[in-house]
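Trainee: My questions will all concern the structure given below.
Chains as they are written, first to last, in our numbering: chain A, 1 to 91; chain B, 92 to 562.
Now the structure itself:
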């Protein structure tokens with residue numbers, strides 16, 4: 001096991017805390033929805049396991065994982081964009 | 092991993108961090124979301140298998156056809172969901188997408204675990220541990236999110252509690268952890284597959300058991316927490332399949348989601364343990380009586396309200412979820428524009444938990460073209476509330492209840508509120524005298540300077556617009 005990955009993990013924990021520490025509550029909903037889309041990166045995990053799936057069961061479950069992950073990532077980014085495009089300043 | 096790909100992954104990580112950073116300011120938020128999406132697309136292009144070869148460099152097989160079909164199906168489901176959902180139902184949508192992500196994380200971890208355990212080289216305890224973690228957290232996030240979705244949709248909204256529930260849940264969790272411990276060191280043993288299936292099912296059940304006792308009003312906190320859980324599950328998956336982009340993205344979501352959860356609890360002035368294990372609404376529902384309430388309810392007519400508004404200097408609107416349910420956002424905007432034309436200073440006072448999720452009200456008002464600089468947060472507006480001529484409370488209830496300040500026995504005692512009762516005149520627009528989402532009597536309705544404008548919010552507002560125009 002590469003300890004570099006753990007190192008990256010620990011740093012990412014602190015970066016995650018730091019970047020949103022000043023977010024105003026008016027943006028909590030889009031922020032939650034946006035970070036929700038980012039963990040849609042699990043689609044890649046689905047692609048990787050499905051690419052290597054050797055049994056029909058693994059293929060079926062991998063297929064479901066890809067659908068779920070894809071809905072998460074695409075839906076997440078789209079719905080966040082739909083919310084944020086409405087935020088306008090007074091003209 | 093070649094150094095070119097390593098550099099690309101570093102770039103992708105920077106894009107994710109910048110994306111979240113930009114999301115925390117209204118001016119840059121939309122760009123932030125697109126930046127993160129761009130990072131995702133780039134990371135897909137350089138997706139590597141565990142052996143370090145590009146996933147796209149292998150010969151085409153049936154599995155790749157499945158990948159394309161699956162991705163397209165997901166894309167269509169996601170797009171339909173994203174573009175058809177009503178803004179009022181946004182929390183449900185986030186819950187659903189989050190649940191899907193959690194389910195995917197659990198499936199990926201399960202498949203990798205089974206494959207690794209039965210491969211020639213086996214898996215190390217560390218890899219097995221992170222896959223089991225991802226399976227556990229991912230599946231409870233899946234089932235928990237579905238329950239949160241159903242609760243927000245109004246199905247079994249009330250908390251479901253029974254004596255000894257926390258102990259029973261604790262026991263289930265212990266069994267799950269025991270099974271995980273066993274599997275970490277016996278990944279390919281005789282009973283491993285059975286133990287794994289039992290663990291998976293218990294984790295799914297635990298997600299349900301964890302969310303069932305929590306009231307509908309607290310679902311946003313639950314969704315935020317499950318969102319960070321899914322992030323952590325994705326990061327653990329990233330460990331297991333050696334994908335750095337997944338580790339970074341998952342961890343960022345995990346930690347920022349945890350902080351967001353704590354910020355939300357802080358806005359409600361309740362410790363997170365109280366939300367998760369306190370079974371809120373159940374204690375509140377017991378005391379809906381008007382204990383300690385003095386005064387009478389004084390109704391008012393729309394014409395009279397219109398006069399008050401038209402000749403006021405400063406008006407503050409306190410919107411609540413009830414306004415959104417009545418689809419009255421556009422009428423509110425029309426009214427504020429009409430008042431603006433007459434030189435009345437109009438602001439919206441936004442409670443951190445107005446709507447069903449922090450920031451939800453901002454989204455709903457933005458949808459109705461209310462500029463965001465007209466929205467003022469609770470802390471910013473409270474000190475000047477005593478200089479407000481008319482405060483218009485539309486469909487908000489618990490967030491303006493002075494019981495939070497005055498009544499120590501109230502379940503919401505200590506929650507920060509918008510001081511609507513400090514204004515010269517407070518107009519509460521309400522359908523009837525029913526109690527709010529949390530089932531708590533509102534002392535504001537009985538104050539001397541409060542007047543009640545009964546009726547459907549949208550109809551009342553339209554009447555107000557017409558009356559203001561005429562006056």
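Just so you know, even glycine gets a beta-carbon here, dropped at the ideal spot from N, CA and C.
So what does residue 441 (chain B) bridge to, in DSSP terms?
Mentor: Answer is B:468, bridged to residue 441 (chain B).
Trainee: Are the C-beta atoms of residue 56 (chain A) and some chain B residue less than 8 Å apart?
Mentor: So no, residue 56 (chain A) is outside the interface.
Trainee: Return no unless some Cβ of chain A is closer than 8 Å to the Cβ of residue 346 (chain B).
Mentor: Residue 346 (chain B) counts as touching chain A.
Trainee: With DSSP collapsed to three states, give me the class of residue 253 (chain B).
Mentor: Correct three-state label for residue 253 (chain B): coil.
Trainee: For the region 25-51 of chain A, list the beta strand (DSSP E) runs that are entirely contained and at least 3 residues long, ordered along the chain.
Mentor: Counting only runs of 3 or more, we get nothing.
Trainee: If the cut is a Cβ gap below 8 Å, which residues of chain A does residue 121 (chain B) touch?
Mentor: Chain A residues near residue 121 (chain B): 81, 84, 85, 87.
Trainee: Take residue 62 (chain A) and list the residues in its own chain whose beta-carbon comes closer than 7 Å to its own, dropping the five residues that flank it on each side.
Mentor: Closer than 7 Å at Cβ, skipping near neighbours: 46, 49, 50, 53.
Trainee: Name the DSSP bridge partner or partners of residue 436 (chain B)?
Mentor: Its beta-bridge partners are B:405.
Trainee: Determine the burial state of residue 156 (chain B): buried for a count of at least 16 other Cβ atoms within 10 Å of its Cβ, exposed for fewer.
Mentor: Per the 10 Å Cβ criterion, exposed.
Trainee: Grab the span of the alpha helix (DSSP H) containing residue 337 (chain B) for me, first residue to last.
Mentor: Its alpha helix (DSSP H) spans residues 335-358.
Trainee: Threshold first: 4 residues or longer. Then list the alpha helix (DSSP H) segments lying entirely within the region 199-245 of chain B, N to C.
Mentor: As far as the region 199-245 of chain B is concerned, its whole alpha helix (DSSP H) runs of at least 4 residues are 216-243.
Trainee: Counting pairs of beta carbons, one from the region 501-520 of chain B and one from the region 476-484 of chain B, are three or more of them closer than 8 Å?
Mentor: Because the criterion of three Cβ pairs below 8 Å is met, the region 501-520 of chain B and the region 476-484 of chain B touch.
Trainee: What did DSSP end up calling residue 461 (chain B) once you bin it into helix, strand or coil?
Mentor: Three-state DSSP puts residue 461 (chain B) in coil, outside helix and strand.
Trainee: Out of curiosity, what's the CA-to-CA distance linking residue 368 (chain B) and residue 163 (chain B)?
Mentor: Whole-angstrom Cα-Cα distance: 40 Å.
Trainee: Mind checking if residue 185 (chain B) is an interface residue toward chain A, Cβ cutoff 8 Å exclusive?
Mentor: Yes, its Cβ sits closer than 8 Å to a Cβ of chain A.
Trainee: Run through DSSP, which three-state label would residue 448 (chain B) get?
Mentor: Reduced to three states, the DSSP call for residue 448 (chain B) is coil.
Trainee: Let me check understanding here. Comparing Cα to Cα, which of B:237, B:281, B:299 lies closest to residue 252 (chain B)?
Mentor: Considering only alpha carbons, the answer is B:299.
Trainee: Can you check DSSP and say which residues form a bridge with residue 521 (chain B)?
Mentor: Bridge partners of residue 521 (chain B): B:545.
Trainee: Counting contacts by CB-CB distance shorter than 8 Å, is residue 76 (chain A) in contact with chain B?
Mentor: Yes, contact with chain B.
Trainee: Classify residue 493 (chain B) as helix, strand or coil using the three-state DSSP reduction.
Mentor: Residue 493 (chain B) falls in the coil class under three-state DSSP.
Trainee: Secondary structure at residue 185 (chain B), three-state DSSP: helix, strand or coil?
Mentor: Reduced to three states, the DSSP call for residue 185 (chain B) is helix.
Trainee: Can you find the residues in the same chain that come closer than 6 Å, C-beta to C-beta, to residue 340 (chain B), ignoring five residues on each side of it along the sequence?
Mentor: 107.
Trainee: Using three-state DSSP, classify residue 122 (chain B) as helix, strand or coil.
Mentor: In the structure shown, residue 122 (chain B) sits in a helix (DSSP, three-state: H, G or I).
Trainee: Keeping to the same chain, check which residues put their C-beta closer than 8 Å to that of residue 560 (chain B); ignore five residues upstream and five downstream.
Mentor: Correct list, in chain order: 429.
Trainee: Mapping DSSP to helix, strand and coil, what is residue 305 (chain B)?
Mentor: If DSSP states are grouped into helix, strand and coil, residue 305 (chain B) belongs with coil.
Trainee: Taking 8 Å as the CB-CB cut-off, is residue 513 (chain B) touching chain A?
Mentor: Residue 513 (chain B) does not count as touching chain A.
Trainee: Can you tell me the Cβ-Cβ gap for residue 543 (chain B) and residue 391 (chain B), rounded? I've got them flagged as a contact below 8 Å.
Mentor: Between residue 391 (chain B) and residue 543 (chain B) the Cβ distance is about 7 Å, and since that is below 8 Å, they are a contact.
Trainee: When the cut-off is 8 Å and only beta carbons count, does residue 9 (chain A) lie next to chain B?
Mentor: Chain B, which has a Cβ nearer than 8 Å to the Cβ of residue 9 (chain A), makes this yes.
Trainee: Are any of the Cβ atoms in chain B nearer than 8 Å to that of residue 35 (chain A)?
Mentor: Residue 35 (chain A) counts as touching chain B.
Trainee: Rounded to the nearest angstrom, what separates residue 166 (chain B) and residue 97 (chain B) at their Cα positions?
Mentor: Their Cα atoms are separated by approximately 28 Å.
Trainee: Please identify the residue among B:448, B:395, B:327 whose C-alpha is closest to the C-alpha of residue 5 (chain A).
Mentor: The residue with the shortest Cα to Cα distance from residue 5 (chain A) is B:327.
Trainee: Spell out whether any CB of chain A is found under 8 Å from the CB atom of residue 226 (chain B).
Mentor: It does not; no Cβ of chain A falls within 8 Å.
Trainee: Residue 115 (chain B) and residue 38 (chain A) - do their beta-carbons sit closer together than 8 Å?
Mentor: Cβ atoms of residue 38 (chain A) and residue 115 (chain B): not closer than 8 Å.
Trainee: To the nearest angstrom, how far is it from the Cα of residue 113 (chain B) to the Cα of residue 125 (chain B)?
Mentor: Cα to Cα, the separation comes out at about 10 Å.
Trainee: Using a Cβ-Cβ cut-off of 8 Å, state whether residue 3 (chain A) counts as contacting chain B.
Mentor: So no, residue 3 (chain A) is outside the interface.
Trainee: Residue 555 (chain B) and residue 419 (chain B) - do their beta-carbons sit closer together than 8 Å?
Mentor: Cβ distance not < 8 Å, so residue 419 (chain B) and residue 555 (chain B) don't count as in contact.
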